[in-house]
C-alpha cells in the first residue's frame with residue numbers, strides 16, 4: 001500500500017510487523033521492518049539520518 005512520497009508498506013503475516021520499502025529503477029530498497037505497536041512512524045526518524 002502506498003505511503004507518503006514514493007514509499008510503500010506491506011503488512012506481514014508476523015503481526016504486528018510491516019515492511020517499509022522503496023521501489024527504485026533496478027532494485028527494492030528496504031527502509032524498515034517496523035513494529036506497528038510502537039509509536040506510529042517511528043522509523044521515519046531513521047530516514048533523516050540516511051545520506
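Numbering (the working numbering), first residue to last: 1 to 51. Backbone N, C-alpha and C fix where the C-beta goes; we use that ideal spot for every residue, glycine too.
Quiz item: If you follow the beta strand (DSSP E) that residue 29 is part of, which residue opens it and which one closes it?
Solution: Per DSSP, the continuous beta strand (DSSP E) segment holding residue 29 begins and ends at 28–35.
Practice problem: Identify, in the order they occur along the chain, each residue of the same chain with its Cβ nearer than 7 Å to the Cβ of residue 35, setting aside the five sequence neighbours on each side. | Solution: So the list reads 16, 17, once near-sequence residues are dropped.
Exercise. Tell me whether residue 31 is buried or exposed, calling it buried when 16 or more other Cβ atoms sit within 10 Å of its Cβ.
Key: Its Cβ being crowded by 16 or more others within 10 Å, residue 31 is buried.
Quiz item: What are the boundary residues of the beta strand (DSSP E) that residue 8 is part of?
Solution: Looking at the DSSP string, the run of the beta strand (DSSP E) that includes residue 8 is 7–11.
Quiz item: With a Cβ-Cβ cutoff of 7 Å, do residue 24 and residue 10 count as a contact?
Solution: Not a contact, by the Cβ cut-off of 7 Å.
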